[in-house]
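The listed protein sequences correspond, in order, to chains A and B. Residue numbers for the first sequence, in our numbering: 1 to 126. Residue numbers for the second sequence, in our numbering: 1 to 111. Where is the CB? At the ideal position from N, CA and C, for every residue including glycine. From a predicted model like this one, the values you see are computed outputs, not experimental measurements. Working notes for the structure below.
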Amino acid sequence: MESLLVFIGGIIGGGLRIGFTDLLPAIGFPYVTLLINLVGAFILPIWNNYWAIKWHCQPTLRKGIGVGVIGSFTTFSGIMLDSSHLIMNHQFQSLLIYLAITIVGGFLLAVLGYQWSNRLREQEGI
Amino acid sequence: MFFTLIFGSGLGALSRSTITNHLKTHRLGQFATLCVNLLGCLIGGMLLGVNPTSLFAILFLGFIGGFTTYSTFNGELAGLYFQRRYGRCLGYLLVSYGGGLLACYLGYLLI
Numbered sequence: 001m002e003s004l005l006v007f008i009g010g011i012i013g014g015g016l017r018i019g020f021t022d023l024l025p026a027i028g029f030p031y032v033t034l035l036i037n038l039v040g041a042f043i044l045p046i047w048n049n050y051w052a053i054k055w056h057c058q059p060t061l062r063k064g065i066g067v068g069v070i071g072s073f074t075t076f077s078g079i080m081l082d083s084s085h086l087i088m089n090h091q092f093q094s095l096l097i098y099l100a101i102t103i104v105g106g107f108l109l110a111v112l113g114y115q116w117s118n119r120l121r122e123q124e125g126i
Numbered sequence: 001m002f003f004t005l006i007f008g009s010g011l012g013a014l015s016r017s018t019i020t021n022h023l024k025t026h027r028l029g030q031f032a033t034l035c036v037n038l039l040g041c042l043i044g045g046m047l048l049g050v051n052p053t054s055l056f057a058i059l060f061l062g063f064i065g066g067f068t069t070y071s072t073f074n075g076e077l078a079g080l081y082f083q084r085r086y087g088r089c090l091g092y093l094l095v096s097y098g099g100g101l102l103a104c105y106l107g108y109l110l111i
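Here you go:
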């Protein structure tokens, strides 16, 4: 059951990422992957540490959404492929900005996500 | 093409979850996400040298998108930070991004 939910979650998360990437206009800077990754890094700790607990989610559903949907919504290989394209196009300034925001932003948002979810749990006593 | 990509993404998520669950029982769980991400970057680099319109390439592109993860990786970094394991946190960050770029380049060279 867990495998099936993670598989379906992976289809949903990947579908959302690919859909956004296809539908939003390309401007020569991989802002879609960047935004998706930052949103996912912030949401995952809130899901695991707040929503899944608040809504008494079964462990299988918790994994289906956390590991499947959010895990596949964000991508790590995509960062490297985007970087490779920027290198091949000699867009080194864009590369630096992209990697700096990716590296620092994801960490900070994950930390903020945990802290915020902890605060919500304290407020609601869960 | 969209359906091939998202099918690949589902397979990728399932493979990531299977590898992570498997490594956790072998006390290697802390390296699971790193292994998955680096392996995905290696395949990603290989795809840079492949005809991007082939069904095979599209399936694998979808696969590595779902297989690798940025949210879990940053969640683990935050976890190390809260445990005050700052050295390990920084090391994990550097090995992931540096290794990811290297793996991608290596994959590109291999094809």
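Asked                                                                                                                                                           : Found
Using a Cβ-Cβ cut-off of 7 Å, state whether LEU86 (chain A) counts as contacting chain B.                                                                       : no
From B:ALA13, B:PHE2, B:MET1, pick the residue whose C-alpha is nearest to that of GLY64 (chain A); which is it?                                                : B:ALA13
Would you kindly check if the distance between the Cβ of ILE18 (chain A) and the Cβ of LEU5 (chain B) is under 7 Å?                                             : yes
Distance cutoff 7 Å, beta carbons only. Does PHE7 (chain A) sit that close to anything in chain B?                                                              : yes
Just verifying my parser: in three-state terms, what is the DSSP assignment at GLY70 (chain B)?                                                                 : In the sequence on display, residue 70 (chain B) carries Tyr and not Gly. Looking at TYR70 (chain B) - three-state DSSP - the assignment turns out to be coil, as it is neither helix nor strand.
Hey, is PHE107 (chain A)'s beta-carbon within less than 7 Å of any beta-carbon in chain B?                                                                      : yes
Just how far apart, CA to CA, sit LEU55 (chain B) and MET1 (chain B)?                                                                                           : 8 Å
Inspect the beta-carbon positions of SER72 (chain A) and GLY13 (chain A) and report whether they are closer than 7 Å.                                           : yes
Can you have a look at VAL32 (chain A) and say buried or exposed, based on whether 16 or more other CB atoms are within 10 angstroms of its CB?                 : buried
Taking DSSP as the reference, what is the three-state secondary structure of THR74 (chain A)?                                                                   : coil
First and last residue of the alpha helix (DSSP H) that includes HIS22 (chain B)?                                                                               : 2-25
Would you check if the region 112-119 of chain A and the region 35-53 of chain A touch, i.e. whether three or more CB-CB distances between them fall below 8 Å? : yes
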